[in-house]
Structure formats: C-alpha cells, structure tokens
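What follows is one structure encoded as structure tokens, with my remarks underneath.
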Amino acid sequence: MQTEDTKTAAAKRDTVMLTGADMVVRALKDQGVTHIFGYPGGAVLPIYDALFADNGITHVLVRHEQGATHAAEGYARSTGRPGVVLVTSGPGATNAVTGLTDALMDSIPLVVLTGQVATHLIGTDAFQEADTVGITRACTKHNWLVRDVNELSRTLHEAFQIATTGRPGPVVIDIPKDVQFKTGEYFTPEQSRHRTYRPKTEADEAAIARAVEMMASAKRPIFYTGGGLINSGPKASEALRELASLTGFPVTSTLMGLGAFPASSPQWLGMLGMHGTYEANHAMHDCDVMICLGARFDDRVTGRIDKFSPGSKKIHLDIDASQINKVVRVDLGIVADAGNAISAMVKLWKEKGKKADPAALKDWWAQIDRWRAKRSLAYEASDTLIKPQYAIDRLYELTKGREVYITTEVGQHQMWAAQRFKFEEPKHWMTSGGLGTMGYGLPAAVGVQMAHRSALVIDIAGEASVQMTMQEMSTAVQYNLPVKIFILNNEYMGMVRQWQQLLHGGRYSHSYSEALPDFVKLAEAFGCLGLRATKPDELDGKIREMIDSPKPVLFDCRVDPTENCYPMIPSGAAHNDMILSALSTAEVSDEGKMLV
Amino acid sequence: MPNERHTLTALVDNEAGVLARVVGLFSGRGYNIESLTVGEVDAAERTSRITIVTSGPPQVIEQIEAQLKRLVPVHAVTNWTFATSGIEREMALARVSGKDRAAAKAEAAKFGARVLDDGGQATVFELTDASAKISSFIEAMRPRGLSDVSRTGVAAISRDPG
C-alpha cells in the first residue's frame, strides 16, 4: 500500500520507493553481493524478474535447492563473505533445510531468501505453501517473515548484519509474493541496524592477562584450535602463528580449523579427535594447560568426557558465550572475536617479556616426539590395490604448489583427507563437520570455484556420498566450472562398514554400494571428463590428466574396499585409548555403543 | 548433581514468533518448563517479558541462561533465584462444587483467597501468592469439593529500580 503519507515521509528521509522485488536486488547490491545461488519457482518470480532486468549480480542456477545452500557455504567459507541463496516457497524452502542446518552447525554465514505464498493465502494450505519460518526456526540463527514491504529492506540489511557478525550463521527471510509486487520505502544499510543485537567482540583485558599468566606458567601446554579462527578472518590465523612462534607451544586443530596453522610447521601435531593423530590426542590428554581457541569441545574431539584431559587447566576463547562451560568446565572463559583476543595475547606476551619454562617445554616436546614415533597415520602399502591413503598422498603431492581448494563429502574419505592433505592457509578446506552431511562436497566445490575461477578445486568424495547431490555436475558444466570430483570408490559406505565391522560383529547391513553407475560414462553423459584408475601404477598419470583437463572431471579411483580409517578413538573411550590399526583389539563398551 | 528450581525472566522484542523461539529452545535442547508466562510490558518499545520457571542441575541452568541470551530478540535475561531483590507471584482460580461449601470458604479465607463467584452449584476463588502457597491452597481445597483449577504461572520483578 503506497499512500501520499509514506511518499512524503520517504522524501523527508531521503529514501526511494521501490517494489519489494527491486528492493531485494538493490539490497543485495548495497551489501556487496556479486553471486547468488538459486532456483526459480512460482513464489519468487517477481524477484527473478528483477534479476532479469539487472546484470549486476551473477545468478548460479543449481539443480536442487540443497545444492544451492552447500554451494553458498563453499562460497562463503572460501571467501569470508556471506553466501546468498534464493529459492521458492514450499519444496524450495524445505529442500534448503539440510544446508541451513549444516551452516548453523559449522557457523557459516548464509542469507537465504525464500518466496512465500501471498499474505492473504498464508495459513490456507495454498499450493506450495509451507510454514517456512516455523520449519527453519531451529536451523537458523534468526529468521523473518516479512508481511510489510516497508519493512523489507531493513529486514534484509539486518539479516546480513546478523548472519555475518558475532558467531556467524544462516538466516532466512521469507517474502510473500504480494510483498514482492508492492511498492514501499527502501532503506540503505546505514539506515537499517538492529535495535539491540550487538555481539561482544573485544576481550576483557583482565581475562587476557590471566590467560597469558596461565600460559607462561605451563609445563605441558597445547593450543587446541578450531573453526572460529577461520571465521574470524586472516588476522586470527596470523595472530595464532605469531603466538605459537613466541611461545613454542604445540598446536593441534579440529576438523573445521585445518589451515589456520600451517601443516608444515614443526609445531603442528595434526588434527585431534576420533580420527586425529596419536600425538595430538595424547598431548591433549596429558597437557597441564589447554588453550582452546575458537573450538567447542565437540564429542568427536573430546571422546569420553569424564576422562577428557583430566589434569589440565583450561582456557576457552569463543565468540559465543553459550559455548563456555557447555560440555567441559573450564578455568578461564574468554568471550571475544578470536582475532582480537589472540592479538591481545600476543601483545601482552611481548610487553611482559614472557617465556615459558624452557626445560619443561623441552621435556614436553621430547614426550611428543615419542608419541610421533608411533607413526599413527602409517598404513600397509600395496602394489596391486590402490590404498585410499596412497591416493590422497599422491593427490597432495601432484597438486602441491598450486592454489588448491579441497572440499569433501562425509565419511572415511573425509577423514583420510583431513589426516593427510596438508593445509598451509585458512579458507582452503571446506567440509561438513558438525552435521556430517553426505552430499556437501560437490555443490560446495561449485560454490568455491565460482568465487575462485582459476584455482584448482577438488572434491575428495566417496562413491556413496557423491550420489546424493550428483546432479550438480550439470551446474558445473553450465558455468564452465572445472571442479574435480575425486571419488575414493570402495563400493561401501565406508565409515558405516567400518563401524559395522568394529561394533556390530561384521554384519554389513545395507552398507554395500550396490548397482553403482559407471562413473566414467556418467561423466560423459553430463559433458564432463570421466577417468578411472584401478592400479597404483596408473594413478599419477590419471591424476595429472585430471588436473590438466579444462573440464569438470569425475575421477573414479577404485580403492581397497576393506581399508579402515585409523587411528581411531572408539566411542566411549578416552584420548589415550586409541586404536592404531586393525591389529589392535577394539573393545567398545556397551555405553560406547550407544554413542554415534 | 541435584536439580534446582529457578525462575528466569527474559525481556524480549514483541515480534512474531518470539515465544515460539523461546519454547523451541527449551524443547529442542531438552530443558524443562514448569511454567511460562508472557505479556507485553512496554507498548511503545514493543517489549514483552517472559517469565519461565525451570529446573535442572546448575550447569544446565547456566546453559539455559546463555542459550536464551543468544536469541536475537532477547535483550536481557535475569535469574531471580540468584537475585536477592526478586519478588515472584502467581495467580490461581479454583472452583469448589457441592451443596455445602462453607468449609471450603472458611479455609479459603485463611489463605486470603477472594470469592469471585458464588452461584448455586459452585464457588470460584481467586488467590495471588507465592507458588508454594498456591499449591498449599489447592491441596487444602481438594478434600473440600475442589472441581477445577487454573494457574497462571509465575511473574517476577525486582524490588529495586535499575
């Protein structure tokens, strides 16, 4: 409804009048958005009309709305900018739910615009109507149904503010079709700010001082770092590197934090947790001061809680206050942005000329070297079968020196990639950590490649996962995105098979990948290059062919079907109770079997 | 660790879905709600106050407060069980039926309950007090012909300004 009053008010406030659909496009541009991932439908046609008239934004047409959300996640995580998604009402919105939940769990900033049936139809079970704000309330940081076109622009700008600040996360703006057609007042980002939402980003000085004292008095310290360092931006990784170099402390990381600290550093212990290295997990268990930076004591990381690092004083830095003392009681909680807080630690450490006990630190490193000597990532080589570990190692060696971005699906291949691929920089590793979403990697690779056209973007995949979002190959072809889908094909849902072997008496219930497609022919059908390797001695040549191809590639790498992912902390066990290989006896308690 | 009972209030933006967010947080994370009341407190500022009585071990109560504060429309969360300056009150309506309700009326008077309605078949009492007193009142009415009860849940406020 456009009245003379609002027009006059708009003129006074120096705003312009636009249709809701035009506001969406204008707001995206005012927010600096250059790419959106979407799929049209009845309830978003006015917005698609506005996009048609404007060529300032590149729209990427996906093949399924789940693909749009994961592509936007890959885009966001590799650029540090929010990922934007546009989908229709009903099934468009419900298909986006998995990606929203994934982004919520891994703190990825997404702005998802959903069409909704016209306001007068809401609640009537209209065609393609779903209660989108109701359905997405539990899987967004915040969401809105915009019923008044005059509220639309401010809501859009608030949505970007909320998605990208504090602990980042996904937001949904549900826009009824009549609101897209109506004309109203457009407010700029400067004219729109949430009334009360102000996340705390600066650390308390006293807390930083206490943290520095605790660190300086440590005999067996460890930095336990996480995805918060990636989200915080490059400053956090730089500050961590400086703090590690000043203190000489060892560094481990969660799955989400890989790349914040360079894998080539002698202070790097590798990833920790269920499939982390022996040295990282033992150092966590035996440390006397644990400095947790931007991680959240996830169950994949802690193992058995009552035996988690029993003798240590713990410092926990997180931008989200609700993470402090959620799972593990800590001695010092610091609520702040990781970049700010770690920089403050560096500054104070230098100012006070702090130095940890060199003799104690020397002993600690000697102990760590004894754990390292276990070579927990070693595997039995084969010259007849391609071992999945060997395939990852070759992929790493043959792509070294290039600008490489790795995405993954979920399962054994993901863990092997995390264990063996060496990341030197943040934002080059995209994986579904918290939710564990099979089918994440292919669309995520599409999103990454969209933002980094000349980079080498590889989805390290499993043959089961990749079939969940396979149709996005078509998107890759349409936009000339030369993503490389490197499938470690073991003909099993490998992690399911591994758990069935270790915990369910080898009863492989429904985990065999029956009736697999011929991936090479499938690639050709999509207009991609298909490659297959079955023997170790042909692997290097085929990997080079994949890298050199200007096309998207589906690489069917046939690996040993029965290889298990080790080392492993069995469910319900402590950090110092790892299984190193198939030869170890796996004893899982009844309590452990209850856990996932 | 033993469960503790706590009264929390949240000052929230009075916007669509805010109650669903709070209730969804409790059900989604498996927290208890013993009672919940909500009402607008400032029409100009468009704010409401939600009062929740919950129970759980201290670590869970701490999480509930932290999780509530994370919600975007929540401005402030107060735990009145820790604050010394808090006052909590609840209102109940109780209906007593039967021919002879003199005993019920006499007992209700001791609690300071008001008679709201006294028709031929039943008497309706109103009592505003601390939740524990309300529970005692209801127990006292039970053998004296109690036929229905409606409780509002707790509302809480601070004695002191600021």
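Protein chains in written order, with our numbering: chain A, 1 to 596; chain B, 597 to 758. For every residue, glycine included, the Cβ atom is placed at its ideal position computed from N, Cα and C. Here the structure is a predicted model, which means the values were calculated and not measured.
### Message
Can you list, in chain order, the residues of its chain with a C-beta nearer than 6 Å to that of A:M1? Leave out the 5 residues immediately preceding and following it.
### Response
The residue given as residue 1 of chain A occupies position 1 in the first sequence. Unreliable positioning characterises A:M1 in this predicted model, as indicated by a pLDDT of 44, which lies under 50. The coordinate reading is nonetheless provided below. Taking C-beta separations shorter than 6 Å and ignoring five residues to either side along the sequence, A:M1 has no partners in its chain.
### Query
Between the C-alpha atoms of A:A378 and A:S465, what's the straight-line distance to the nearest angstrom?
As a first step, residue 378 of chain A is located in the first sequence; it is residue number 378 there, counting from the start. As a first step, residue 465 of chain A is located in the first sequence; it is residue number 465 there, counting from the start. Answer to the nearest angstrom: the Cα atoms are 25 Å apart.
### Task
Please name the residue or residues paired with B:H602 in a DSSP beta bridge.
Counted from its first residue, the second sequence places residue 602 of chain B at position 6. According to DSSP, which records beta bridges pairwise, B:H602 is partnered with B:T650.
### Query
Starting from A:L152 and walking both ways along the alpha helix (DSSP H), at which residues does that stretch end?
Counting from one through the first sequence, the residue named residue 152 of chain A turns up at place 152. Here the alpha helix (DSSP H) through A:L152 covers 149 to 164.
### Task
Can you have a look at B:P598 and say buried or exposed, based on whether 16 or more other CB atoms are within 10 angstroms of its CB?
Walking along the second sequence from the start, residue 598 of chain B turns up at place 2. By the neighbour-count rule (16 or more Cβ atoms within 10 Å), B:P598 is not buried but exposed.
### Query
Cα separation between A:D393 and A:K400?
By 1-based counting over the first sequence, the position of residue 393 of chain A is 393. By 1-based counting over the first sequence, the position of residue 400 of chain A is 400. Approximately 11 Å between the Cα atoms of the pair.
### Task
Work out the CA separation of B:R685 and A:I36 for me, nearest whole Å.
One-based indexing of the first sequence puts residue 36 of chain A at position 36. One-based indexing of the second sequence puts residue 685 of chain B at position 89. Cα to Cα, A:I36 sits roughly 52 Å from B:R685.
### Message
So, does the segment 251 to 263 of chain A touch the segment 421 to 438 of chain A, judging by three or more C-beta pairs under 8 Å?
### Response
Yes: at least three Cβ pairs fall under 8 Å.
#### Entry: Start and end residues, beta strand (DSSP E) containing B:G635
Locating residue 635 of chain B in the second sequence gives position 39, where the first residue counts as 1. Unbroken beta strand (DSSP E) run through B:G635: 631 to 638.
### Message
Here's a check: name, in chain order, each residue in its chain whose Cβ is nearer than 7 Å to the Cβ of A:D14, leaving out the five neighbours to either side.
### Response
Locating residue 14 of chain A in the first sequence gives position 14, counting from the first residue. Within the same chain, A:D14 has no close Cβ partners at all.
#### Entry: Cβ distance (whole Å) where A:I460 is taken to contact A:T384 below 8 Å
Mapped onto the first sequence, residue 460 of chain A falls at position 460. Mapped onto the first sequence, residue 384 of chain A falls at position 384. Incorrect: roughly 23 Å between the Cβ atoms, too far for contact.
### Task
Pull up the CB-CB distance for A:Q116 and A:K177, whole angstroms please, since I reckon it's below 8 Å.
Taking the first sequence and counting its residues from 1, the one referred to as residue 116 of chain A is at position 116. Taking the first sequence and counting its residues from 1, the one referred to as residue 177 of chain A is at position 177. Contact holds; Cβ gap of about 7 Å.
### Query
Using CA coordinates, which residue listed in B:D696, B:V745, B:R738 is at the minimum distance from B:G715?
Here residue 715 of chain B refers to the residue found at position 119 of the second sequence. Ranking B:D696, B:V745, B:R738 by Cα distance to B:G715 puts B:D696 first.
### Message
Going by C-alpha to C-alpha distance, which of A:M468, A:G80, A:S511 sits closest to A:Q498?
### Response
In the first sequence, counting from the first residue as 1, residue 498 of chain A sits at position 498. A:S511 is the residue among A:M468, A:G80, A:S511 whose C-alpha sits nearest the C-alpha of A:Q498.
#### Entry: From A:M495, A:T98, A:A76, A:S78, residue whose alpha carbon lies closest to that of A:Q66
Counting from 1 along the first sequence, the entry for residue 66 of chain A is found at position 66. Looking at the Cα atoms, A:T98 is the closest of the given residues.
### Message
Against A:N325, what residues of chain B qualify as contacts under a CB-to-CB distance less than 9 Å, listed in chain order?
### Response
Here the question's residue 325 of chain A lines up with position 325 in the first sequence. By Cβ distance, chain B contributes Q655, E658, Q659, A662.
### Message
What does DSSP give as the partner residue(s) for B:E722 in the beta ladder?
### Response
Position 126 of the second sequence holds residue 722 of chain B. In the DSSP secondary-structure assignment, B:E722 is bridged to B:L689, B:R710.
### Query
Counting pairs of beta carbons, one from the segment 238 to 245 of chain A and one from the segment 329 to 346 of chain A, are three or more of them closer than 8 Å?
By the Cβ rule, the segment 238 to 245 of chain A counts as touching the segment 329 to 346 of chain A, because three or more pairs are nearer than 8 Å.
#### Entry: Separation of B:V634 from A:A27, as counted between CA atoms
Here the question's residue 27 of chain A lines up with position 27 in the first sequence. Here the question's residue 634 of chain B lines up with position 38 in the second sequence. Answer to the nearest angstrom: the Cα atoms are 35 Å apart.
#### Entry: Extent of the continuous alpha helix (DSSP H) run through A:M290
Residue mapping note: residue 290 of chain A aligns to position 290 of the first sequence, counting from 1. Element bounds for A:M290: not the alpha helix (DSSP H) but the beta strand (DSSP E), 289 to 293.
### Query
Of the residues that make up the segment 133 to 148 of chain A, which ones have a beta carbon closer than 9 Å to any beta carbon in chain B?
Within the segment 133 to 148 of chain A, those residues whose Cβ lies closer than 9 Å to any Cβ of chain B are, in chain order, V133, G134, R137, A138, K141, H142, N143, W144, L145, R147.
### Query
Should A:V596 be labelled buried (16 or more other beta-carbon atoms within 10 Å of its own) or exposed?
The count along the first sequence starts at 1 and reaches residue 596 of chain A at position 596. Label assigned to A:V596: exposed.
### Task
Kindly indicate which residue of A:A53, A:D125, A:A515, A:R137 has the alpha-carbon position closest to the one of B:S623.
In the second sequence, the residue the question calls residue 623 of chain B occupies position 27. If we check each option's Cα against that of B:S623, A:R137 comes out closest.
### 8 Å Cβ cutoff met for A:V448 and A:P552
Indexing the first sequence from 1 puts residue 448 of chain A at position 448. Indexing the first sequence from 1 puts residue 552 of chain A at position 552. Contact flag unset, no.
### Query
To which residues of the same chain is A:A218 closer than 7 Å at the C-beta, ignoring the five residues directly before and after it?
Within the first sequence, the letter at position 218 stands for residue 218 of chain A. Cβ neighbours of A:A218 beyond the five flanking positions: D288, V289, A356.
### Message
Using the Cβ count rule (16 or more neighbours within 10 Å means buried), how would you classify A:R375?
### Response
Numbered from its first residue, the first sequence carries residue 375 of chain A at position 375. With fewer than 16 Cβ atoms within 10 Å of its Cβ, A:R375 is classed as exposed.
#### Entry: Positions along the segment 619 to 652 of chain B whose CB lies within less than 7 Å of some CB in chain A
Going along the segment 619 to 652 of chain B in chain order, one finds G620, G624 with a Cβ nearer than 7 Å to chain A.
#### Entry: Own chain partners of A:S581 with C-beta closer than 7 Å, once the 5 adjacent residues on each side are dropped
On the first sequence, residue 581 of chain A is found 581 positions in, with the first residue counted as 1. Excluding residues within five positions, the ones whose Cβ falls inside 7 Å are Y566.
### Message
Does A:D331 come out as helix, strand or coil in the three-state DSSP assignment?
### Response
Here residue 331 of chain A is taken as the residue at index 331 of the first sequence, counted from 1. Per DSSP, reduced to three states, the secondary structure at A:D331 is coil, with no helix or strand assignment.
#### Entry: Cutoff 8 Å: A:T603 Cβ touching any chain B Cβ
With chain A represented from 1 up to 596, any question about residue 603 of chain A goes unanswered, as that position is not in the structure.
### Query
Quick one: which chain B residues come within Cβ less than 8 Å of A:A321?
Locating residue 321 of chain A in the first sequence gives position 321, counting from the first residue. The contacting residues are A662, K665, R666.
### Task
Quickly, what does DSSP pair A:N489 with across the bridge? List them, please.
Indexing the first sequence from 1 puts residue 489 of chain A at position 489. Note: A:N489 sits in a beta bridge opposite A:R558.
### Message
Can you tell me where the alpha helix (DSSP H) holding A:M214 begins and where it ends?
### Response
The sequence position of residue 214 of chain A within the first sequence is 214, counting from 1. 205 to 216 is the extent of the alpha helix (DSSP H) around A:M214.
### Task
Give the straight-line distance between the Cα atoms of A:L293 and A:E205, rounded to the nearest whole angstrom.
In the first sequence, residue 293 of chain A corresponds to position 293, counting from 1. In the first sequence, residue 205 of chain A corresponds to position 205, counting from 1. The alpha-carbon atoms of A:L293 and A:E205 are separated by roughly 17 Å.
### Own chain residues within Cβ distance below 8 Å of A:N95, not counting five before or after
For this step, residue 95 of chain A is matched to residue 95 along the first sequence. Only H64, E65, Q66, V87 meet the Cβ criterion.
### Sheet register partners of B:E703 (DSSP bridge)
Along the second sequence, read from residue 1 onward, the residue named residue 703 of chain B stands at position 107. Answer by DSSP bridge pairing: none, since B:E703 is not bridged.
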